[in-house]
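This report concerns only the one structure given below.
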Amino acid sequence: MTRMQNFLKGLVKENPTLVLVLGTCPTLAISTSVTAAFGMGLAATAVLICSNMAISALRHTIPDRVRIPCYIVLVAGFVTVVELLMEAYAYSLYESLGVYLALIVVNCIILGRAEMYANKHGVADSAIDGLGMGLGFTLAICSMATIREILGGGSWCGIPIPWFHENPIGILTMAPGGFFVFGCLIALVNKISKGKAIKKKEFGCMGCMLCSKGVCGKEETAQ
Amino acid sequence: MREQKKDIVKSIVVLVVICLVTSAALAIVNSFTAPVSAANRAAREEAARRAVIQDAAQFEKLDSGNLPETVVSAYRGLDAGGKTLGYIFTVEGKGFDGTIQVMCAIGPDGNILRCQTLDVSSETKTLGGKTASPDYTDQYAGKNSSLEGVNAISGATITSTAYKNCVLDAFRAYDAVKEAG
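In order, the protein sequences belong to chains F and H. Each residue of the first sequence is one higher than the last, beginning at 799 in the working numbering. Each residue of the second sequence is one higher than the last, beginning at 63 in the working numbering.
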């Protein structure tokens, strides 16, 4: 797989939000406003690139049995750095993201990429993977926020849009509307990729750490 | 057996080292951002004070040691000639689902100049959150400590009551400040 393919796969084919269905919690919660969604996407991307690189660089040092606590400490460190910087230099964004900024620590996309990719590949590849996945997440959350903000709130990035502003569909800004838009987007991505997107072996048994090390013994049946 | 022991020791050492390095890095970042954050916070508070007493030339911090416990900070707003325009109290109260913060400015005649909601993020947005809207806060302007004619928000009794209590605490603080001269 070339580096370009490696980068592009995160955008559509293996989009973390719409194909792997990871990181659903921030996606549903933050996608009511485009500006906040964009900030969330960029924050998660920055953390993802840094954590992927750090985990990849340390992949021979970290013993298997303590790898999850190690990853969590590293990810939490990067998230706190982003949090501190945002509080100092982008306070309004910091305020609009609220608790979800700190919750990037437990975002499945970041831990998922650490497990599935960063601990098996080199630093540069992991950074590109992180960038692609992060931008894929940003793309997904922003397109969802665009739909929800225009139809549900009648504005885009806080700019009121004439006709929609007088006729908002209020429910789209609430949780049920979030699920509805989310489902529609997943269906759309499936339609475009003709259902191929979800049938990657990496997400089956073979993607699991235990299997690739031959611990769980299901290796043969999976193949 | 020996192998296993070595493994355990290695795990512990690696985890401890990662934790130490991470916390050291955080301490360094924090030492850069903390002054900026503090300055921003001070500027926001200053802007909030300026919003409740527009004509004030400067604000003087008052000792809040002998004021009611819920009073977070107290300021005196002075005009250019040094005359007191009013007192500003930032008061905390227990809302529906957390702490709410109200800033209340009381003039020298004992009437409210303006009330401003600082933080009601813990309240339900469509009910208690309405205490942040001008429709609600403007009711307080000009009222004395009896707070007659201030209407609660229907469906948000707990937040409205907490808000009123904050304002009453501000009056209690006002009396204490007046007494002290």
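Even for Gly, the Cβ is constructed at its ideal location relative to N, Cα and C.
Problem set entry | Unbroken beta strand (DSSP E) run spanning residue 149 of chain H, endpoints | Your numbering for residue 149 of chain H matches position 87 in the second sequence. Segment 146 to 156, the beta strand (DSSP E) holding residue 149 of chain H.
Exercise. According to DSSP, what are the bridge partners of residue 168 of chain H?
Worked result: Here residue 168 of chain H refers to the residue found at position 106 of the second sequence. DSSP output for residue 168 of chain H lists H/149, H/174 as bridge partner(s).
For this session: Determine whether the Cβ of residue 913 of chain F lies closer than 9 angstroms to any Cβ atom of chain H.
Result: Here residue 913 of chain F refers to the residue found at position 115 when the first sequence is read from its first residue. Judged by the 9 angstroms Cβ criterion, residue 913 of chain F is not in contact with chain H.
For this session: Following the continuous beta strand (DSSP E) through residue 135 of chain H, name the residue where it begins and the one where it ends.
Result: Start at 1 with the first residue of the second sequence, and residue 135 of chain H comes out as number 73. First-last of the beta strand (DSSP E) with residue 135 of chain H: 133 to 140.
Exercise. Around the C-beta of residue 152 of chain H, are 16 or more other C-beta atoms found within 10 angstroms, so that it is buried, or is it exposed?
Worked result: Locating residue 152 of chain H in the second sequence gives position 90, where the first residue counts as 1. Buried.
Exercise. Between residue 198 of chain H and residue 221 of chain H, what straight-line distance do the alpha-carbon atoms span, to the nearest angstrom?
Worked result: Taking the first residue of the second sequence as 1, we reach residue 198 of chain H at position 136. Taking the first residue of the second sequence as 1, we reach residue 221 of chain H at position 159. Their Cα atoms are separated by approximately 12 angstroms.
Exercise. Given a threshold of 16 other Cβ atoms within 10 Å of its Cβ, counted over all protein chains shown, does residue 863 of chain F qualify as buried or as exposed?
Worked result: Counting from one through the first sequence, the residue named residue 863 of chain F turns up at place 65. By the 10 Å Cβ count, residue 863 of chain F comes out exposed.
Problem set entry | Where the alpha helix (DSSP H) through residue 124 of chain H begins and ends | Counting from 1 along the second sequence, the entry for residue 124 of chain H is found at position 62. No alpha helix (DSSP H) holds residue 124 of chain H; the beta strand (DSSP E) holding it covers 120 to 124.
Problem set entry | Candidates H/170, H/74, H/186: closest to residue 162 of chain H by CA position | For this step, residue 162 of chain H is matched to residue 100 along the second sequence. Closest option to residue 162 of chain H, Cα to Cα, is H/186.
Exercise. Among F/815, F/806, F/801, which has the Cα closest to the Cα of residue 988 of chain F?
Worked result: Taking the first sequence and counting its residues from 1, the one referred to as residue 988 of chain F is at position 190. Among F/815, F/806, F/801, the Cα nearest to that of residue 988 of chain F is on F/815.
For this session: Say whether chain H places a C-beta atom closer than 9 angstroms to the C-beta of residue 1018 of chain F.
Result: As a first step, residue 1018 of chain F is located in the first sequence; it is residue number 220 there, counting from the start. Note that residue 1018 of chain F has pLDDT 42, beneath the 50 cutoff, so the model's placement of it is unreliable and the number below is only indicative. False, the Cβ-Cβ gap to chain H never drops below 9 angstroms.
Exercise. To which residues of the same chain is residue 68 of chain H closer than 7 angstroms at the C-beta, ignoring the five residues directly before and after it?
Worked result: In the second sequence, residue 68 of chain H corresponds to position 6, counting from 1. Result list for residue 68 of chain H: empty, nothing under 7 angstroms.
For this session: May I have the straight-line CA-CA distance separating residue 929 of chain F from residue 899 of chain F, to the nearest angstrom?
Result: For this step, residue 929 of chain F is matched to residue 131 along the first sequence. For this step, residue 899 of chain F is matched to residue 101 along the first sequence. Cα-Cα distance, rounded: 18 angstroms.
For this session: Identify each residue in the segment 88 to 121 of chain H for which the Cβ-Cβ distance to at least one residue of chain F is less than 7 angstroms, and report them in chain order.
Result: 88, 91, 92, 95, 98, 99, 102
Exercise. Would you say the segment 899 to 913 of chain F touches the segment 859 to 877 of chain F, given that touching needs at least three Cβ pairs under 8 angstroms?
Worked result: yes
Problem set entry | Contact with chain H by residue 879 of chain F, beta-carbon distance below 9 angstroms | For the purposes of this step, residue 879 of chain F is taken as the residue at position 81 of the first sequence. Interface residue, yes.
Problem set entry | Residue burial classification, residue 839 of chain F (beta-carbon count within 10 angstroms, cutoff 16) | Stepping through the first sequence from its first residue, residue 839 of chain F is reached at position 41. So residue 839 of chain F ends up on the buried side.
Exercise. With which residues is residue 954 of chain F paired in a DSSP beta bridge?
Worked result: Position 156 of the first sequence holds residue 954 of chain F. Paired residues: F/957.
Exercise. For the segment 835 to 861 of chain F, which residues have a beta carbon sitting closer than 7 angstroms to at least one beta carbon of chain H?
Worked result: 859, 860, 861
Exercise. Residues of chain H with a CB under 8 angstroms from the CB of residue 867 of chain F: which are they?
Worked result: In the first sequence, the residue the question calls residue 867 of chain F occupies position 69. By Cβ distance, chain H contributes 77.
Problem set entry | N- and C-terminal bounds of the alpha helix (DSSP H) containing residue 819 of chain F | Locating residue 819 of chain F in the first sequence gives position 21, where the first residue counts as 1. That residue, residue 819 of chain F, is in no alpha helix (DSSP H); it is neither H nor E in DSSP.
Problem set entry | 7 angstroms CB neighbourhood of residue 829 of chain F in its chain, flanking five on each side removed | Reading the first sequence from its first residue, position 31 is the one you call residue 829 of chain F. So the qualifying residues of the chain are 835, 939, 942, 943, 946, 976.
Problem set entry | Meets three-Cβ-pair contact criterion under 8 angstroms: the segment 952 to 966 of chain F and the segment 844 to 851 of chain F | no
For this session: Quick one: measure Cβ to Cβ for residue 174 of chain H and residue 139 of chain H, integer angstroms, because I've assumed they're closer than 8 angstroms.
Result: Counting from 1 along the second sequence, the entry for residue 174 of chain H is found at position 112. Counting from 1 along the second sequence, the entry for residue 139 of chain H is found at position 77. With a Cβ gap of about 14 angstroms, residue 174 of chain H and residue 139 of chain H do not count as contacting.
Exercise. Taking just the CA atoms, how far does residue 867 of chain F sit from residue 127 of chain H?
Worked result: Here residue 127 of chain H refers to the residue found at position 65 when the second sequence is read from its first residue. Here residue 867 of chain F refers to the residue found at position 69 when the first sequence is read from its first residue. Residue 127 of chain H and residue 867 of chain F: Cα-Cα distance of roughly 45 angstroms.
Exercise. What separation, rounded to the nearest whole angstrom, lies between the Cα atoms of residue 999 of chain F and residue 927 of chain F?
Worked result: Sequence index remark: in the first sequence, residue 999 of chain F carries index 201 (1-based). Sequence index remark: in the first sequence, residue 927 of chain F carries index 129 (1-based). Legend: pLDDT at residue 999 of chain F = 47, less than 50; position of this residue unreliable, no value from coordinates given.
Problem set entry | Continuous alpha helix (DSSP H) stretch holding residue 69 of chain H: start and end | Within the second sequence, residue 69 of chain H is the residue found at index 7, counting from 1. Looking at the DSSP string, the run of the alpha helix (DSSP H) that includes residue 69 of chain H is 64 to 114.
Exercise. Tell me which same chain residues have a C-beta within less than 6 angstroms of the C-beta of residue 826 of chain F, skipping the five on either side of it?
Worked result: Along the first sequence, read from residue 1 onward, the residue named residue 826 of chain F stands at position 28. Correct list, in chain order: 976.
Exercise. List, in order along the chain, the chain F residues whose C-beta lies closer than 8 angstroms to that of residue 73 of chain H?
Worked result: Start at 1 with the first residue of the second sequence, and residue 73 of chain H comes out as number 11. Chain F residues near residue 73 of chain H: 861, 863, 864.
Exercise. Which runs of the alpha helix (DSSP H) fall wholly inside the segment 841 to 881 of chain F and span at least 4 residues, in chain order?
Worked result: none
For this session: Taking 8 angstroms as the threshold, find out whether the segment 117 to 127 of chain H comes into contact with the segment 67 to 83 of chain H through three or more Cβ pairs.
Result: no
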